[in-house]
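In full-length UniProt numbering, the protein residues as written are 1 to 1269.
Worksheet: the structure to be examined is printed underneath.
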């Protein structure tokens, strides 16, 4: 029903906000009467669209968030706009759908908020760990009272649900099926089919209403584990999870949610309309329980009170807007920071710092060396130490101290890096610099413009080149008042070259910006020499102090020791601290060896056997392995050894879930032989507890809680087991490869690939070892080929080192041959296709789950992984064609569709050079008529495989393979150039490659040589290409030429080379004009007059040559280079060109470089206006007066410059040009100060020229007080 009674904005006292149109539909259907729309009064920022009406005695304004805009920030914005438009609104209703927390609520139930909180609102503590700020918000008392009344009425008489549903069906017949039944047909969705028997499910004819806590956040929760963790974090009080309620902070409101799903991974939309209508019905009933007096404005309320209330609401609106904008900016900044790098050392910092014994490390923090490093700028503190001295824990203590010290000073930048053998193995130098950049960026009050600029330029293509990364890092450092960079375990850096690059740049930043550097390392002469070479490094040796060791033992004995240990703890502390010899790790290992000794005799015996000497760690680890054997039965001993083998041999650090699944997988030999891949079963009941695995290994492994990674206790343990792997873990790689293959062949993967993003993620989540097995089974298979040789010499080379008795691991795969298992796996189509999808799908982006070859035969997989023995086995089958093609999957440097490929192409795509050679030897074809051959040649060129390129060119000579440029994404010359392979570039061109062939985006080899952002410009390649006839003015699809690329890279040598070889800039386009000005500014600042001249001539061929821009001229003035300025002016530069603040070049010269007489003289000669006003009304003359005063004080002599200005004005007046400030009477025209003298320009009779006359001296005091002395 509609009402035509005119209303005004102030008549509406209830605001009803929905997040989705379907929720708004249900809300509008609850109106008893519909009111006409009201125009917005005056200029308004309100973007809401309102539906107006009444429910009972209340006038209601209903609005919905914009399409596809969700979350607390958007809700806050909508509420703020509503308050600004309807100043009388006293209560807000947020009504719609939400996710329930089972078993507390069921589908179709309604939750009414007695309180709500933002579950993702919190802060990172000093350890980098997220802490939820458990701040809760409550509806006003009148709403809580109305809830009490509603509950009582429901208890007494029940809800009138049927009446409302019948009214809805009658008034909205077209929507009845959708809103009054489930899924539009009265059927429960298949994903929740079991709910039909759930006692928590609301019956169709009934409605269960719950009152309690609603958790709100800015992200959709579709993960049962996350849902439950939110509930746990909020004391298991959460009934519903949604996305808007927290936006109503400060707004007297209530939140009502109809439950449509359980916040899990099951995609189910069938309950949404049904749940939305039930929530709206409940809201209407609640609204009818609110007396009109709670919302109406008293008629006696005076104007002053109303205005005060409106002012408060305005302030509230502004605060909502401010918080909304800050939240949006913060989210954008977070995304940009994560784009830089996903590397985050905060979890490691938290783990290491939490492992410290409280009170340890104080000796370092209190030392004069550390205090001087902390309090003075430009300090380097290098802390070498023996293995196991506790360097990493001490680093975490130092990091915590620095962070805590400067936690309130956002101008101080702090960044740190933890190296470790396994975790750092894939790091490159750029990763380290990006990590430093990210950490320093997020510590800034706002995102630095230089970082935003880099993100805008490179976000689509790839990460920026090193030169750009370092330039940006330098810019961010320059923003900080002080910078601390702390690096632990330099000796565990993955390579010597990376370490050299990293340290060289750190020392460069130290010299340039005075940053403070703290670093730890083992005694490595090369590293020590690098620090000694800085000349400013303080060396401070790290050893575990006796006091710290004793403190550690005190804590361990108190927490974990037997009663016998506690009684004799002083003797134990004395013996162990003495034996540890400053090595914290040894103290820990020694304590592990006596931890469970029940008697004093056994304790003493264990202490007497503590190792010493050069093999102290080896002996300690051997003793622990013996203790594992003594402590455990055969089954548990075998499990412990498998855990150690996995952790030692894994290609990357393993998570706790991965190691649990790896150990849990067990099949007997008969099952493996009799069952086909895709029929294997995984028994979740066989998953061991991680704490039990840690206990079995007697202290050799530990779990980093923050990162959820299980690792060996120390890198010395990793070194020990890797060195003695043939002794302890023979055939480990082979058996790990088999376990990975069996895991990939489980029944759950028989379904084949999943193109649904959520299902794909669910597959990865539920099968914890799957991702590791997918990415690394090939590595273990390759490594296993070398194990046979190792096992043959294990007794002769390794058995003499460990003194323990070797206990062979009884892997369940021991009797299964690796090669037959691989062949069976590769021949099972659905299993193989599931694996191929997981191997190639980009797991970060939802639009990449289908980016994998739709058909990749087993031979191609083996070629890609470099499994030569498998290839030979497969080729023994005569049905296997060595030249068969996969369907899609091969991508080039350019973003275009995947290409088909032969096994040869896939071997090269996988960078398996030896495999490619083997395939060629076995008859792989090379034919220009087959684009796969060109793809193979392109990949070989891209990877730098010169021998294979030669072989392919020789094989393809008859069909002229080198002349083929289709597909253009795989043109060999372009790919070789993009990677800077000089010899291959020469080889291809000498063989006849088209030097001007283009990519799909119009790029030539010369354009790529100057513009590929992955690599710096190789000047030798550029020169070679030009000499061989490369077109220098080719324009690609991005409006770039080789010259434009060189300009953007600011490489003047290449610019000079290109310009001297005829490169031009077509100044007809605005883009080209901007590029030319950029190049000119760069060349002017570098004072490279030759380049300036060449650039000015580079537009000669254009129809409309463009004069130098004001910024170019300003740069020349600031540099004080008369030759370049004259060159610019001779080529059309305007002396009156205006810069920032409407300053002319003469003003800039006088203001910024007042002592440069030649620049001023040149500008005056070229007609510069000495009376031109800037934006502040200042002229060159007034600026000269100010400069004169400053010059007198700072010792500069400005007499000649000021004289030139005055003479210039005199000439102007002689010519009849009136001068600003000219005296109205004869006599003194102007008085200026020059060198402490009083000078005045006086007018001579008979129209004579004005001369300067010196009249006496002025004192310093007079100069300061009276400019006309």
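Note that the Cβ used here is the ideal one computed from N, Cα and C, for glycine as well.
Note that this is a predicted model, so its numbers are computed, not measured.
Under a three-way DSSP split, which group does residue i fall into?
i	result
residue 257	strand
residue 516	strand
residue 420	coil
residue 720	helix
residue 619	helix
residue 51	strand
residue 35	strand
residue 605	helix
residue 289	coil
residue 214	strand
residue 537	strand
residue 1118	helix
residue 1084	helix
residue 778	helix
residue 521	strand
residue 1235	Confidence in residue 1235 is poor, its pLDDT being 37 and thus under 50, which makes the residue's placement unreliable; the coordinate value appears in the next sentence. Coil, per DSSP.
residue 976	helix
residue 1160	helix
residue 487	strand
residue 971	coil
residue 221	coil
Terminal residues of the continuous alpha helix (DSSP H) containing residue i?
i	result
residue 509	496-513
residue 736	732-744
residue 1279	What the structure shows of the chain is the stretch from 1 to 1269, and residue 1279 is not part of that stretch, so it cannot be assessed.
residue 991	982-991
residue 224	224-233
residue 492	Run containing residue 492: none; DSSP gives neither H nor E here.
residue 271	Counting along the chain, residue 271 falls outside any alpha helix (DSSP H), and DSSP gives it neither H nor E.
residue 1055	1052-1060
residue 949	946-955
Measure the beta-carbon distance from residue i to residue j and round it to whole angstroms, keeping in mind my assumption that it falls under 8 Å.
i	j	result
residue 240	residue 101	7 Å
residue 435	residue 512	Actually they do not touch by this definition, with Cβ atoms about 20 Å apart.
residue 1293	residue 834	An answer regarding residue 1293 cannot be provided, because it is not within the stretch 1 to 1269 covered by the chain.
residue 1208	residue 1183	Contact flag wrong, Cβ pair sits at about 14 Å.
residue 292	residue 58	7 Å
residue 286	residue 79	Contact flag wrong, Cβ pair sits at about 18 Å.
residue 336	residue 487	Actually they are not in contact, since the Cβ atoms of residue 336 and residue 487 sit about 24 Å apart, beyond 8 Å.
residue 111	residue 16	Actually they do not touch by this definition, with Cβ atoms about 17 Å apart.
residue 580	residue 661	That belief does not hold up - the Cβ atoms of residue 580 and residue 661 are roughly 37 Å apart, past 8 Å.
Tell me the residue span of the beta strand (DSSP E) that contains residue i.
i	result
residue 118	110-118
residue 825	Run containing residue 825: none in the beta strand (DSSP E); it sits in the alpha helix (DSSP H), 818-827.
residue 64	58-64
residue 208	No beta strand (DSSP E) holds residue 208; DSSP gives it neither H nor E.
residue 242	238-242
Any idea which residues DSSP pairs residue i with across the strands?
i	result
residue 30	Per DSSP, none; premise fails for residue 30.
residue 94	17, 255
residue 412	482
residue 137	116
residue 100	240
residue 855	887
Determine whether the Cβ of residue i lies closer than 8 Å to any Cβ atom of chain D.
i	result
residue 1138	Among the protein chains of the structure shown there is no chain D, as only one such chain exists.
- [ ] Scan the segment 861-938 and note each continuous alpha helix (DSSP H) run of 4 residues or more that stays entirely inside, going in chain order.
- [x] 868-875, 903-909, 913-921
Task: Entirely enclosed beta strand (DSSP E) segments - the segment 318-392, minimum 3 residues - done: Qualifying beta strand (DSSP E) stretches, in chain order: 380-384.
- [ ] Pick out the complete beta strand (DSSP E) segments inside the UniProt repeat "ANK" (1001-1037), 3 residues or longer, and give them in chain order.
- [x] Taking 3 residues as the shortest admissible run, the UniProt repeat "ANK" (1001-1037) contains no complete beta strand (DSSP E) segment at all.
Open item on the list: At 3 residues or longer, what runs of the beta strand (DSSP E) sit wholly inside the UniProt domain "GPI inositol-deacylase winged helix" (632-722)?
Closed with: 701-704, 709-712
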